[in-house]
Structure formats: structure tokens, C-alpha cells
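**Student:** My questions will all concern the structure given below.
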Amino acid sequence: DWTPANLVTETVDAVRTQVGDRHVLCALSGGVDSAVAAALMQRAIGSQLTCVFVDHGLLREGEAEQVKEDFVAATGVDLVVADERERFLGALAGVTDPEEKRKIIGREFIRTFEAAARELAGERGIDFLVQGTLYPDVVESGGGEGAANIKSHHNVGGLPDDLQFTLIEPLRRMFKDEVRAVGLELGLPEEIVWRHPFPGPGLAIRIIGEVTEDRLTTLRQADAIARHELAEARLEREIWQFPVVLLADVRSVGVQGDGRTYGHPIVLRPVVSDDAMTADWARLPYDVLEKISSRITNECVEVNRVVVDITSKPPGTIEWE
Ligand code: XMP
Numbered sequence: 005d006w007t008p009a010n011l012v013t014e015t016v017d018a019v020r021t022q023v024g025d026r027h028v029l030c031a032l033s034g035g036v037d038s039a040v041a042a043a044l045m046q047r048a049i050g051s052q053l054t055c056v057f058v059d060h061g062l063l064r065e066g067e068a069e070q071v072k073e074d075f076v077a078a079t080g081v082d083l084v085v086a087d088e089r090e091r092f093l094g095a096l097a098g099v100t101d102p103e104e105k106r107k108i109i110g111r112e113f114i115r116t117f118e119a120a121a122r123e124l125a126g127e128r129g130i131d132f133l134v135q136g137t138l139y140p141d142v143v144e145s146g147g148g149e150g151a152a153n154i155k156s157h158h159n160v161g162g163l164p165d166d167l168q169f170t171l172i173e174p175l176r177r178m179f180k181d182e183v184r185a186v187g188l189e190l191g192l193p194e195e196i197v198w199r200h201p202f203p204g205p206g207l208a209i210r211i212i213g214e215v216t217e218d219r220l221t222t223l224r225q226a227d228a229i230a231r232h233e234l235a236e237a238r239l240e241r242e243i244w245q246f247p248v249v250l251l252a253d254v255r256s257v258g259v260q261g262d263g264r265t266y267g268h269p270i271v272l273r274p275v276v277s278d279d280a281m282t283a284d285w286a287r288l289p290y291d292v293l294e295k296i297s298s299r300i301t302n303e304c305v306e307v308n309r310v311v312v313d314i315t316s317k318p319p320g321t322i323e324w325e
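First residue of the sequence shown? That's 5 in my numbering, and the numbers climb one at a time after it.
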């Protein structure tokens, strides 16, 4: 019967057999799957693994640091960080259409990852590329070797012909709860192991309107407050996801002190779900909502109103874009 320790041992053995003395590349996204996949690879082959983290500047508060510092401290992986925040912000300037944002982010991600992979392949030779495919993805896509259909942003299948690697999928026999158990077994921080699913294009699709540095700062602040209060109320694990959305193109009138304000609304979108295919809006306790609302309107300068999204999926999607 399976225990997290058994799963680790079996996977480590299988990886060692498959890889031999060759070299492996792994992209870290900040999410739980890539983190656990990388930690398993590290346990199996150590110095034959190199991880790449493309910092696109669209993660939430503290998440890039968690990858660069906490994850590295917990695992000892050799991490290459590509700080591409300016590049992504520049590429997104003036763009408001959601699909356009996704395309741009996907394209820039591939280009950046490709450059890093090319450099590493030149330096030490790379044979394998890690993909954090889970068992349900394998089943859904027909089960072929490397057949999983990964969401656009993480799909590194767009690499040019001279940079083709063999895919290695250390999580392909695991369900999500097993991935988490393995992550804890490998000593990963709880904040990484229990992280909610987060879209590849990140905060860019949670700003309705153009993405700018100021708007990212505002949204990051509001999102951090919502997450903090959810954790304080010990509701994190009951909630599937908690998107916080900035309506950057909407203003409404408010009053603060003696003054009239004309600021932006923040939307809270907590949902419960099993698989993100359908979802229901989460009935958060009023006192938690009240705390989040008063903190956001007090602490986020441009925000003077907080609303809660009470739409299920369908007809609404989880994200607003
Ligand atoms: P929706 O908004 O369609 O989202 O109900 C379903 C799930 O997918 C996530 N999502 C994305 N993930 N790239 C991703 O990697 C994307 O472009 C993207 N769009 C939505 C969303 O957070 C939810 O978990």
C-alpha cells in the first residue's frame, strides 16, 4: 500500500533508471506541481538537475521570493532565475484583451525559457525536460507518453526543433493529494504545498484593463490582504481558489474622511470546487468579508469599494478574464 515515503522511493528509483548520468532541466512556476516535481528530481539525481524560474512579475506578493529563497533552501536545487519583469510589462503595455494578454505572456515565456535552456544546453548538455503532469491529465489526454495537454502558459512544447528534449514526468502516477503528501514528505514549505491553483498568466488576467506596474502593486496588496485574512480564519483548505480582481477601467464615487473619492473596485471571487470545471461561490463568513473589505479600502490607496462575486460556474468562469 502506498505511503508518501514509498511513493518517493519508487519515483526516485524510476527516475534514476531513466536518467542515468544525463542532465535534466525543469521549469518552476511557483505552483505546487512543478515544485514537487523538481524536489523529487533533486532527490533522485541532485547535481544533474537544473531548474529555471522565469520571473514574469505577475505572481502574487512573496511568491517569487518563496521560489528563489524558501524552495531553494528546502531542496538545494541549482536554480537559474530569469528576471524578466520589465520585458513582460513592456510586452503587455496597451493590451486589454484577455486572450491577447494570454498569447503575449505565453510567447514571452517560451522565448525567455528557450534562451535559458539554450544557454544551459550549451554549457552542460541537457537531455530531459521535466513536466509536472498528474495522473488525471495523463488519463484525459489518452495516456500516451508525454501526451498530456498542459495549459497554454506552461506548455513548453513550443520549443524549436534544435531544442527538443525527452519529457520526464515524475508525477504521472499521482493524484493531487498524493502530490501534496509527497511535497510534505520532501520537506517543502506548507505555503508551497497547499497553494491554491493559480493561472499561468497570473495577475495579468486579474486586472481588468491594461496591466501597469501601479495596478499590479495595488492588486498585489489587496490580494495579500484577502489571502492573509482567509488564512487567519483557517478557511484556506475549504476554498478552492480565491481570485482577487482589480476593475482598473471602472471608477465609482466614495467618501473618505471629509473628501470625495473616485477610485477602483476590487472584486473578491472565492469559490469552492473539485476540479475547476464547475464551481460554486463560497459562502465566506460575514466577519471575514468585513475584515477583508475594511482593510482593503483602508490600505489600498486607489480602492474605495469591495464587492463579492456570487456567480457560480457555469455561467460565470472562475477568473474574470
Ligand atoms: P476558468 O476561469 O476558466 O478557470 O473557470 C478554470 C481554471 O483554470 C485556471 N485558468 C488558467 N490557468 N492559464 C492557466 O494556467 C490560463 O490562461 C488560465 N485561465 C484560467 C483558473 O485559475 C481555474 O483554476
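Glycine included, each C-beta is placed from N, C-alpha and C at the ideal position.
1. Is the beta carbon of phenylalanine 92 less than 8 Å from the beta carbon of glycine 129?
2. I need the boundaries of the beta strand (DSSP E) containing isoleucine 322, first residue and last residue.
3. Should arginine 106 be listed as close to the ligand XMP, given that the test is whether its C-beta is under 7 Å from any heavy atom?
4. Note the first and the last residue of the continuous beta strand (DSSP E) segment covering proline 269.
5. Helix, strand or coil, according to DSSP, for phenylalanine 75 in the structure here?
6. Run through the stretch 114-202 for me and flag every whole alpha helix (DSSP H) of 4 or more residues, listed as ranges in chain order.
7. Taking 7 Å as the limit between beta carbons, can you name the residues of its chain near glycine 136, skipping five residues before and five after?
8. Between which two residues does the alpha helix (DSSP H) carrying aspartate 227 extend?
9. With DSSP as the reference, label threonine 54 as helix, strand or coil.
10. Quick check: the Cα distance between arginine 115 and leucine 53, rounded to an integer number of angstroms?
11. Looking at the ligand XMP, does it come within less than 7 Å of isoleucine 322, judged from the CB to the closest heavy atom?
12. Of the choices Glu323, Arg309, Val271 and Glu233, whose alpha-carbon is the least far from that of proline 289?
13. With a threshold of 8 Å on Cβ separation, who are the neighbours of valine 84 within its own chain once the five nearest residues in sequence on each side are excluded?
14. Can the beta-carbon of proline 102 be found less than 8 Å from the beta-carbon of isoleucine 211?
15. Give a yes or no on contact between the stretch 172-191 and the stretch 137-144, applying the rule of three or more CB pairs nearer than 8 Å.
**Tutor:** Checking against the coordinates, here is how it stands:
1. no
2. Unbroken run through isoleucine 322: none, as it is neither H nor E.
3. yes
4. 263-272
5. helix
6. 139-144, 180-189 and 194-197
7. Asp37, Ser38, Ala41 and Leu175
8. 217-236
9. strand
10. 21 Å
11. yes
12. Glu233
13. Thr54, Cys55, Val56, Phe57, Ala120 and Leu124
14. no
15. yes
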